[in-house]
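Under my numbering, the first residue of the sequence shown carries the number -15, and numbering increases by one thereafter. The block underneath contains the structure these notes are about, expressed in structure tokens.
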Amino acid sequence: MDKKEIAKVLEEIADLLELKGENPFKVRAYRTASRSLLNFEGNFKKLVEEEKLDELEGVGEHIAEKITELFETGKLAYYEKLKKSTPPGMLQMIQVHGLGPKKVKALHKKKIRSIEELKTAAEKGKVAKIRGFGKKSAQNILDSLAHREAYQKRTLWWDAMTIAEPILEGLKKLKGVQKAEIAGSLRRKLETVGDLDFLVAASNPKPIMKWFTSLPGIQRVLASGETKSSVKLEGGIQADLRVVKESEFGYALCYFTGSKEHNIKLRDRALSCGWSLSEYGLAGARKTKKAATEEDLYKILGFSYIEPELREDRGELQAAEKKKLPHLIEVKDIRGTLHNHTTSSDGKSTLREMAAAAKKMGWEYLGISDHSKSSFQANGMDEKRLLAQVEEIRKLNASKSLGIYLFSGLECDILADGKLDFPKKILDHLDYVIGSVHASLTQNEKAMTRRIIKAVENPSLTILGHLTGRLLLRREPSRVDAQKVIDACIANNKIIELNGHPLRLDMDWRLWHKASEKGLLCCINTDAHHADNHQFILSGVNAARKGWLEKSQVINTVSLKEMQKLLKSRKN
Ligand code: DGT
Ligand code: CA
Ligand code: CA
Ligand code: ZN
-15 MDKKEIAKVL EEIADLLELK GENPFKVRAY RTASRSLLNF EGNFKKLVEE
35 EKLDELEGVG EHIAEKITEL FETGKLAYYE KLKKSTPPGM LQMIQVHGLG
85 PKKVKALHKK KIRSIEELKT AAEKGKVAKI RGFGKKSAQN ILDSLAHREA
135 YQKRTLWWDA MTIAEPILEG LKKLKGVQKA EIAGSLRRKL ETVGDLDFLV
185 AASNPKPIMK WFTSLPGIQR VLASGETKSS VKLEGGIQAD LRVVKESEFG
235 YALCYFTGSK EHNIKLRDRA LSCGWSLSEY GLAGARKTKK AATEEDLYKI
285 LGFSYIEPEL REDRGELQAA EKKKLPHLIE VKDIRGTLHN HTTSSDGKST
335 LREMAAAAKK MGWEYLGISD HSKSSFQANG MDEKRLLAQV EEIRKLNASK
385 SLGIYLFSGL ECDILADGKL DFPKKILDHL DYVIGSVHAS LTQNEKAMTR
435 RIIKAVENPS LTILGHLTGR LLLRREPSRV DAQKVIDACI ANNKIIELNG
485 HPLRLDMDWR LWHKASEKGL LCCINTDAHH ADNHQFILSG VNAARKGWLE
535 KSQVINTVSL KEMQKLLKSR KN
């Protein structure tokens, strides 16, 4: 475990001890130790290995032992024991956003001892009446519970894909399988998916169904029919399989790819020609109108081929009819990214490792943008460390030893009042500045919008990072008037990032089509915190494609020379 993860465990131990009503000094020691870890800027590994942890504030002999155990094994017996001895309802409740140990204890006293009881009590207005709660806090609890429920129903695209890919490979290898594809929202590259949909063409479905319903990672078989089965996989996600005849495959693939809204429009088009479209075929049409593939089907219905990412009923059919679909950006168009962290802040890989991995991606350049000082939890850099990094990058570029060009950037905090974390004279040393909101995320819409626009109007800012700060299936987006921010960015010649991290995908793809038509430029980044994270360019490009973006609307598709020019011209 690293420093940050260990700090989190210590904080959780403090919560659990407080729940148990332990000595407040003991509780406070864990909290102080957790904060000391986060604030420590030196070489943490060395500190542990040289047994000097007790030099940190709040860390005595006992806590030092626990930190060492976590650092070396990634586990802590004491922590596990503590969790086991806490009532499960309490453990669940403390994870509800906005409920700390004090509130959970107060609830417990009023015999509210599980998530279910909490929900009922809050709905009946009982929670609002408990001392220390009130109407607003009861409403916040209800909102958190609703989000929690919604989050549990879906899975991140990236995680779902990781599960689905080996299953698809398995299906393709089975004897008798003529075709196999992923369908549904997973194929449309939606940011989260409800379940996995597989489609197979084969003349004998039986052995395929048998293979599917006896996959190793299965929790439960939900349905097992002749041509359709559903299973629940370990981890809780459901997977559906359909087996069709090869002659039906094009129709079925289109149908099961969806979206439902897109399908309805397609069916309407067929109806207007006097045909009836289903997953099995196009009934009523002449024999010559037979679609072996999706391409054929769209053509028969009078459309050019529509990529799955666009099938969301957001104007794609009208565009396809007029042959005006965008020429969507592809991963191979990307020549580098600009939002990347290193061990100088909270990244896990060094500058050189990040650069080497980017070169392996086939990129020409990489922009380094570690955190600024106000992001102390992410080990943000102060002026001195930042300037040292600028110098290091300058030297590396001059030595030409990396085989890839590095840009000096910064992910600069946008403070609560809209100011940037560093003054102009420091930011002037950089090739570019990404401005991001990391704290005070709960401001109201007006304040947040004003704050971000103020940053956008700052001449030192080049790119606006992850607009809403959302973490998919974990944290709701902050409230902000995106249209106003988009307009401000266009007026001030600023770029908005499409953060490709599978948890973020922020700014949302639904906003890109219209914004780019107005002239907004995009930078697809990965927000890499590890050399392996450059892979996230795939989820970033997926979202860009869902937002109708073309290569020319994404700045990091240009060559190194052009990028140097572009960044220079955008410096005030
Ligand atoms: P999800 O799983 O919630 O992320 O979203 P999808 O789109 O994967 O939905 P799913 O798994 O329920 O169904 C897969 C596809 O099957 C869906 O995208 C379109 C098609 N489909 C399902 N139910 C209907 C329906 O009632 N009408 C039509 N036209 N198509 C449907
Ligand atoms: Ca699905
Ligand atoms: Ca499904
Ligand atoms: Zn970042």
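All C-beta atoms, glycine included, are put in the ideal place defined by N, C-alpha and C.
Residue i versus the options, residue with shortest Cα-Cα distance
| i | options | result |
| --- | --- | --- |
| K403 | A372, S383, R369 and A439 | A439 |
| A223 | E232, R378, F287 and A207 | A207 |
| L370 | M432, G109, S20 and H413 | H413 |
| K271 | W259, S243 and Q203 | W259 |
| L495 | A475, N517 and A527 | A527 |
| I318 | N476, E33, V32 and H518 | H518 |
| L411 | R458, S353 and T433 | S353 |
| E(-11) | K468, G331, A475 and N381 | G331 |
| A512 | S385, E534, K498 and R488 | R488 |
| A254 | K306, K244, G268 and S243 | G268 |
| K502 | R138, A515 and L533 | L533 |
| L544 | E429, N381 and P407 | N381 |
| G524 | E34, S20, K555 and M491 | M491 |
| E34 | Y349, A48, L21 and T326 | A48 |
| T52 | T211, L(-6) and L550 | L(-6) |
| S500 | G42, I539 and K157 | I539 |
| E133 | G168, Q76 and V469 | Q76 |
| R434 | A423, Y416, F406 and D401 | D401 |
Presumed contact (8 Å Cβ cut-off) between residue i and residue j, rounded CB distance
| i | j | result |
| --- | --- | --- |
| L335 | I418 | Rounded, the Cβ-Cβ distance is 17 Å, inconsistent with contact. |
| K478 | L448 | 6 Å |
| L266 | Y235 | 7 Å |
| W142 | P486 | 3 Å |
| V464 | L451 | 7 Å |
| L237 | L155 | Actually they do not touch by this definition, with Cβ atoms about 14 Å apart. |
| K343 | G387 | 5 Å |
| I147 | I221 | 7 Å |
| T241 | P292 | 5 Å |
| K89 | L129 | With a Cβ gap of about 19 Å, K89 and L129 do not count as contacting. |
| Q203 | L180 | Going by Cβ atoms, the distance from Q203 to L180 rounds to 14 Å, so no, they are not a contact pair. |
| I78 | P72 | Actually they do not touch by this definition, with Cβ atoms about 11 Å apart. |
| A17 | L40 | 7 Å |
Cβ shell of residue i (< 7 Å), same chain only, five flanking positions each side left out
| i | result |
| --- | --- |
| E279 | Y289 |
| M(-15) | L54, F55 and G58 |
| A186 | G160, V161, Q162, I192 and V227 |
| V11 | A(-2), L1 and E2 |
| E45 | D38 |
| L140 | T176, L456, L457, P486 and L487 |
| Y62 | K50 |
| K273 | L266 and I284 |
| K249 | D297 and L301 |
| V345 | Note that residue 345 is Met in the sequence shown, not Val. Correct list, in chain order: H518. |
| S383 | none |
Beta-carbon contacts of residue i that lie in its chain and below 8 Å, excluding the five residues immediately before and after
| i | result |
| --- | --- |
| T70 | L0, L3 and K4 |
| A276 | S231, F233 and G234 |
| E300 | H246, I290, L294 and L309 |
| S462 | V421, L425, T426, Q427, M432, T452, G453 and R454 |
| A122 | A106, G109, V111 and A112 |
| T569 | No answer is possible for residue 569: it lies beyond the span of the chain, which begins at -15 and ends at 556. |
| R115 | A90 |
| E460 | H131 and R454 |
| K498 | none |
| V542 | R319 and L550 |
Same chain, Cβ closer than 6 Å to residue i, neighbours up to 5 away in sequence not counted
| i | result |
| --- | --- |
| G351 | L322, F391 and G393 |
| R15 | A(-2) |
| A466 | L495 |
| K408 | S444 |
| Q373 | S328 |
| E367 | I410 |
Using 8 Å as the cut-off, can you tell me whether the stretch 24 to 32 makes contact with the stretch 85 to 95, which would need three or more C-beta pairs spanning the two stretches below that distance?
no
Using only Cβ atoms and a threshold of 6 Å, which residues come within that distance of a heavy atom of ligand 2? Order them by chain position.
G168, S169, V177, G178, D179 and D181
Taking contact to mean 3 or more Cβ pairs, one atom from each stretch, closer than 8 Å, check whether the stretch 160 to 179 and the stretch 225 to 237 are in contact.
yes
Meets three-Cβ-pair contact criterion under 8 Å: the stretch 394 to 401 and the stretch 354 to 361
Below 8 Å, enough C-beta pairs join the stretch 394 to 401 and the stretch 354 to 361 to call them touching: three or more.
Decide if the stretch 467 to 483 is in contact with the stretch 499 to 511; the criterion is three or more beta carbon pairs, one per stretch, under 8 Å apart.
Contact between the stretch 467 to 483 and the stretch 499 to 511 is present, because at least three Cβ pairs lie under 8 Å.
Mind listing which residues have their beta carbon within less than 5 Å of any non-hydrogen atom of ligand 4? Chain order is fine.
In chain order, the qualifying residues are E395 and D511.
Any 3 or more C-beta pairs closer than 8 Å across the stretch 470 to 477 and the stretch 425 to 440
yes
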